[in-house]
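So that you can map any letter, position 355 of the sequence shown is 1160 in this note's numbering, and since no number is skipped, the others follow by simple counting. Glycine is no exception: its CB is placed at the ideal position from the N, C-alpha and C atoms. Because the structure is a prediction, the values reported are computed rather than measured.
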Amino acid sequence: MLSILELERKVVKTNLCTNCGACQGMCPYWKSYEGRTFVDYECDRAEGRCKYFCPRMPADLDSLMKKFFEEKDITSELGPVKGLYLTRAADPQIRAKAQHGGTMTALVELALAEGFIDAAVLSKAEGTLDPEGQLITDPADVRACSGSSFQIPPTMAVLNEALKENEYKKIGVVGTPCKTLSAYKMMAKPFEDNDNNADNIGMVFGLFCGWGLDWKGMEAFGDAGHADILPSKFHRMDLDDRQVDLDDVLPLVRENCNYCYDMTAEFADLSVGGARSSEGWDTDKGWNQLIVRSEKGQKLVELAREKGILEFREFGDDSAKAAAMDKLKKASASKKSKAVQALIEKDGTLGYLEPSKEIFAEYIK
Ligand SMILES: Cc1cc2nc3c(=O)[nH]c(=O)nc-3n(C[C@H](O)[C@H](O)[C@H](O)COP(=O)(O)OP(=O)(O)OC[C@H]3O[C@@H](n4cnc5c(N)ncnc54)[C@H](O)[C@@H]3O)c2cc1C
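So, in structure tokens, the structure goes:
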């Protein structure tokens, strides 16, 4: 079957598509509008990159992970882990606009300033709505992209366009787990001679992710400067000072997110989420959890420590740190179990996780 038709049938028409944009930006055939990806024209390629870059097409995720990360670091629940930290940006101006502690903004800024990357693909929204991918080359522009958009923009299309131009040789990309997985599928270069310059991906920065929300549905809540989903015991989303009951938000969760097994963006040099330590929300508010996964990620975080770009908060004693790790692993395992059950309910198979059956077997109930 032609690649474009296979991708459309297996991913778009089955509501597995995340709108990450990995199939876009290389050709005129795939497009996106208000959170939905669609085929604009037919393409007659039997083997297209779009199909192989898609995070929801079947792939052997175990081999992919072992290709890029040290096997000794790989955990079943969280993927590769070299270290877990509680951090926030030292600069209060970053923290004021950031989603949680501004760790991501501070690290991307540092990576650009210190030459770890020479460009960055970020997402920028008008308030909380209508986000779009942005290619940034000046560290001074990183802060304008702070904050989280729960509508999902096709950021990877911007990465693909930048890779195609071949001007920047070390492009960093920030993304939710679906996006970061697609970046590693690109770097695996399924077509050596037609790889869209995938070697020019310099660093991958992951965001923890529970789910994204329906594009049009979000508009009903109106715009806000800041949207945040609080820890589960609060059962609410905050839009600036407005509190929205989570029961009104959950119907807007994108269907494809139910099939996502990854809470912490396991394919990334480092991943950042909101802090959830044993000390509780009053202490954790405004802090991040940071998982370092690769040597490059480790070098950047160590530089951020040396230069005082990030502040580090201790978990407490060793048992408190172990408890935090355990809590994170449990939350992540729960997302995997739910995804596996949802996929099985869909058509009796593990769907796109089928080639990785062995690593997901423990999550089948
Ligand atoms: C849809 C979504 C769901 C999330 N769910 C969870 C969750 O369940 N638990 C949790 O702990 N954390 C979750 N996060 C991550 C969290 O919201 C913060 O992004 C993370 O804690 C980093 O905080 P920060 O203050 O360092 O980010 P900031 O310094 O504010 O930087 C955020 C970065 O994310 C980029 N960005 C924003 N929105 C998007 C998007 N939609 N796609 C790609 N890049 C984007 C921005 O360009 C910016 O570079 C989610 C994020 C998103 C986008």
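inquiry  = Could you compute how far the alpha carbon of ASP1004 sits from the alpha carbon of ASP1043?
reply    = The C-alpha of ASP1004 lies about 40 angstroms from the C-alpha of ASP1043.
**OP:** Determine the extent of the alpha helix (DSSP H) in which ALA924 is found, giving its start and end residues.
**Re:** It is not in any alpha helix (DSSP H) - ALA924 instead sits in the beta strand (DSSP E) that spans 924-931.
According to DSSP, simplified to helix, strand and coil, what is ILE1006? Under the three-state reduction of DSSP, ILE1006 is assigned to strand.
Point to revise | Range of the contiguous alpha helix (DSSP H) that encloses SER1142 | key: In this chain, the alpha helix (DSSP H) harbouring SER1142 covers 1123-1152.
Distance check for GLU1163 and SER868, CA to CA, integer angstroms please. C-alpha separation (whole angstroms): 11 angstroms.
Could you say if the segment 1061-1075 and the segment 1133-1144 meet the contact criterion of at least three C-beta pairs nearer than 8 angstroms?
These segments touch.
(message) Considering only DSSP beta bridges, list what VAL978 is partnered with.
(response) Beta-bridge pairing links VAL978 to VAL926 and VAL1009.
| query | Do you know offhand how far LYS877's Cα is from ASP1074's? | reply | Spanning the alpha carbons of LYS877 and ASP1074 requires a straight line of approximately 15 angstroms.
* Buried or exposed: ILE1169, going by 16 or more other Cβ atoms within 10 Å of its Cβ? -> With fewer than 16 neighbouring CB atoms inside 10 Å of its own CB, ILE1169 falls in the exposed class.
Q: Express the C-alpha separation of PRO885 and GLY1156 in angstroms, rounding to a whole number.
A: For the pair GLY1156 and PRO885, the Cα-to-Cα distance works out to about 23 angstroms.
query: Are SER837 and LYS902 touching if we call contact CB-CB under 8 angstroms?
result: SER837 is not a Cβ neighbour of LYS902, given a cutoff of 8 angstroms.
- Item | Pick from TYR973, SER987 and ALA924 that is closest to ASP865, judged by C-alpha positions | Of the candidates TYR973, SER987 and ALA924, the one whose C-alpha sits nearest the C-alpha of ASP865 is SER987.
Q. LYS1021 CB to nearest chain C CB: under 8 angstroms?
A. In the displayed structure, chain C is absent; only one protein chain is listed.
| message | Tell me which residue opens and which closes the alpha helix (DSSP H) that MET1023 is part of. | response | Counting along the chain, the unbroken alpha helix (DSSP H) around MET1023 starts and ends at 1020-1024.
Sorry if obvious, but does the Cβ on ALA903 come closer than 7 angstroms to a heavy atom of ligand 1?
Checking the Cβ of ALA903 against ligand 1 gives yes.
task = Would you grab the beta carbon distance between ASN1002 and LEU968 for me? Rounded to a whole angstrom, and I think it's under 8 angstroms.
result = About 5 angstroms separates the two Cβ atoms, so the contact holds.
Once the 5 residues before and after ASP1033 are set aside, which same chain residues still bring their CB inside 6 angstroms of it? Same-chain partners within the cutoff: ASP1043.
**Asked** Where in the segment 1011-1092 do unbroken runs of the beta strand (DSSP E), each at least 3 residues long, occur, reported from the N-terminal end onward?
**Response** Unbroken beta strand (DSSP E) stretches of 3 residues or longer found wholly inside the segment 1011-1092: 1032-1034, 1041-1044, 1047-1050 and 1075-1079, given in chain order.
| request: Provide the residue span of the alpha helix (DSSP H) that contains LEU968, from first to last. | output: Counting along the chain, the unbroken alpha helix (DSSP H) around LEU968 starts and ends at 960-970.
Query raised in the report: Got a sec: does ligand 1 put a non-hydrogen atom nearer than 7 angstroms to the Cβ of CYS848?
Result: Every heavy atom of ligand 1 is 7 angstroms or more from the Cβ of CYS848, so no.
Subject >> Nearest-angstrom Cα separation, counted from THR960 out to ALA851 >> reply: Distance between the alpha carbons of ALA851 and THR960: 25 angstroms.
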